[in-house]
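Asker: Going left to right, the sequence shown walks through residues 44 to 265 as this note's numbering numbers them. Virtual Cβ for every residue (Gly too), placed ideally from N, Cα, C.
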Amino acid sequence: MPIFKSSEFPGFAFSYDPLKQPFFKALVKENLRLLAQLPTGKGLLKAIKEAKPVYRAPNCPKGVNVIFQPPLTRDWSAPGYGAKTGKVNDQARYDAWQQGMSNPNYQVGKGRLIPGISAKTQVQEDDKKAATAGHGQGSTCTLFYSNTEILSDSGQWFIPHITMGHELIHCLHGVFGVMNPDNRLEEYSTVGIKGYEKSIFCENKLRSEAGYPRRDKYFADD
44 MPIFKSSEFP GFAFSYDPLK QPFFKALVKE NLRLLAQLPT GKGLLKAIKE
94 AKPVYRAPNC PKGVNVIFQP PLTRDWSAPG YGAKTGKVND QARYDAWQQG
144 MSNPNYQVGK GRLIPGISAK TQVQEDDKKA ATAGHGQGST CTLFYSNTEI
194 LSDSGQWFIP HITMGHELIH CLHGVFGVMN PDNRLEEYST VGIKGYEKSI
244 FCENKLRSEA GYPRRDKYFA DD
């Protein structure tokens, strides 16, 4: 896919097919702007821009440390019906679940559509070893981004630009080569819980500045 460097947000680029996802760049930029309005978000974007990761993906343009890309797939699941029940572009099914409308082909009432694991916003380090603490080199990152607003099983909303900020904190760790090899601790430090409440960059600081409730857990067993 073609890669487009961002002039508005130095250090970032977009990799997508404009014919298949014509609004992708606009959606990403909209949420980057919301993030940049928060003091912690503004500092986060600046820190990523200024990083000098040793490992750079072959397709990563000079001066770019994070590339935004659409999710790997658009599979969604409906609770009670198993994985990959439908596609996000299956509009009738999507509306039936979101609005509780009757649908002759599917029961209504078991819950809302939820994105499959490969349809979620997530980070992929271009070189995992270089991104991990102990090596101290840093790696460019790819951020698969979806602007879907998700309601968790605990009743907490995951707001698109806050979710973006969470994943960009992972990117920050990656480009500076300080990502925790223990996934649980990496998530705790990124959220700002379990002893990481004073982290300079964490999701809960973004939530506080944006006026959203703090997040007190990440894993189901926390």
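Skipping 5 residues on each side, what residues in its chain have a beta carbon closer than 7 angstroms to that of residue 257?
Answerer: To locate residue 257, count along the sequence shown from 1; it is residue 214. Counting only Cβ-Cβ distances below 7 angstroms, and skipping sequence neighbours, we find 247, 250 and 251.
Asker: Determine the closest residue to residue 227 out of 202, 95 and 263, with distance taken between C-alpha atoms.
Answerer: The sequence position of residue 227 within the sequence shown is 184, counting from 1. Taking only the C-alpha atoms, the option nearest residue 227 is 263.
Asker: In angstroms, rounded to a whole number, what distance separates the CA positions of residue 221 and residue 186?
Answerer: Locating residue 221 in the sequence shown gives position 178, where the first residue counts as 1. Locating residue 186 in the sequence shown gives position 143, where the first residue counts as 1. One C-alpha to the other measures close to 17 angstroms.
Asker: Using the three-state DSSP reduction, which class does residue 79 fall into: helix, strand or coil?
Answerer: Taking the first residue of the sequence shown as position 1, residue 79 is located at position 36. Correct three-state label for residue 79: helix.
Asker: Between 203, 59, 74 and 184, which has its C-alpha nearest residue 219's C-alpha?
Answerer: In the sequence shown, counting from the first residue as 1, residue 219 sits at position 176. Considering only alpha carbons, the answer is 184.
Asker: Going by the DSSP bridge assignment, what does residue 240 pair with across the sheet?
Answerer: In the sequence shown, residue 240 corresponds to position 197, counting from 1. Beta-bridge pairing links residue 240 to no other residue.
Asker: According to DSSP, is residue 51 part of a helix, a strand, or is it coil?
Answerer: Position 8 of the sequence shown, counted from the start, is the residue given in the question as residue 51. Coil at residue 51, not helix or strand.
Asker: Counting along the chain, where does the beta strand (DSSP E) carrying residue 218 start and finish?
Answerer: Translated into the one-based positions of the sequence shown, residue 218 becomes position 175. Here residue 218 belongs to no beta strand (DSSP E); instead the alpha helix (DSSP H) covers 203-218.
Asker: For my contact list, residue 110 and residue 46 are in at a C-beta cut-off of 8 angstroms; report their separation, rounded to the angstrom.
Answerer: If you number the sequence shown from 1, residue 110 lands on position 67. If you number the sequence shown from 1, residue 46 lands on position 3. So it is a contact: roughly 6 angstroms between Cβ atoms.
Asker: With DSSP as the reference, label residue 58 as helix, strand or coil.
Answerer: Here residue 58 refers to the residue found at position 15 of the sequence shown. Strand, per DSSP.
Asker: If I'm right that residue 204 touches residue 77 with Cβ under 8 angstroms, what's the distance once you round it to whole angstroms?
Answerer: Taking the first residue of the sequence shown as position 1, residue 204 is located at position 161. Taking the first residue of the sequence shown as position 1, residue 77 is located at position 34. Right, their Cβ atoms sit about 4 angstroms apart.
Asker: Report the option in 253, 244 and 231 whose CA atom is closest to the CA atom of residue 260.
Answerer: Residue 260 sits at position 217 when you count from the first residue of the sequence shown. Ranking 253, 244 and 231 by Cα distance to residue 260 puts 231 first.
Asker: In chain order, what residues of the same chain have a beta carbon less than 6 angstroms from the beta carbon of residue 58, not counting five sequence neighbours either side?
Answerer: Taking the first residue of the sequence shown as position 1, residue 58 is located at position 15. Answer for residue 58: 44, 46, 110 and 112, listed in chain order.
Asker: Need the endpoints of the beta strand (DSSP E) that residue 233 sits in, please.
Answerer: The residue labelled residue 233 in the question sits at position 190 within the sequence shown. Counting along the chain, residue 233 falls outside any beta strand (DSSP E), though it belongs to the alpha helix (DSSP H) covering 226-234.
Asker: To the nearest whole angstrom, what separates the beta carbons of residue 97 and residue 180, a pair I think is in contact under 8 angstroms?
Answerer: Translated into the one-based positions of the sequence shown, residue 97 becomes position 54. Translated into the one-based positions of the sequence shown, residue 180 becomes position 137. About 4 angstroms; that satisfies the 8 angstroms criterion.
Asker: Confirm, please, whether the CB-CB distance from residue 190 to residue 70 is below 8 angstroms.
Answerer: Numbered from 1 along the sequence shown, position 27 holds the residue referred to as residue 70. Numbered from 1 along the sequence shown, position 147 holds the residue referred to as residue 190. Yes, Cβ-Cβ distance for residue 70 and residue 190 is below 8 angstroms.
Asker: Do the CB positions of residue 210 and residue 166 come within less than 8 angstroms of each other?
Answerer: As a first step, residue 210 must be located in the sequence shown, where it is residue number 167. As a first step, residue 166 must be located in the sequence shown, where it is residue number 123. Cβ distance < 8 angstroms, so residue 210 and residue 166 count as in contact.
Asker: Report, in whole angstroms, the separation of the C-beta atoms of residue 48 and residue 104, which I expect to be a contact under 8 angstroms.
Answerer: Stepping through the sequence shown from its first residue, residue 48 is reached at position 5. Stepping through the sequence shown from its first residue, residue 104 is reached at position 61. That belief holds up - the Cβ atoms of residue 48 and residue 104 are roughly 5 angstroms apart, short of 8 angstroms.
Asker: Going by C-alpha distance, which of 253, 65, 74 and 265 is nearest residue 238?
Answerer: As a first step, residue 238 is located in the sequence shown; it is residue number 195 there, counting from the start. Out of 253, 65, 74 and 265, 265 has the C-alpha closest to the C-alpha of residue 238.
Asker: Helix or strand or just coil, what does DSSP make of residue 97?
Answerer: As a first step, residue 97 must be located in the sequence shown, where it is residue number 54. Note: residue 97 maps to coil in three-state DSSP.
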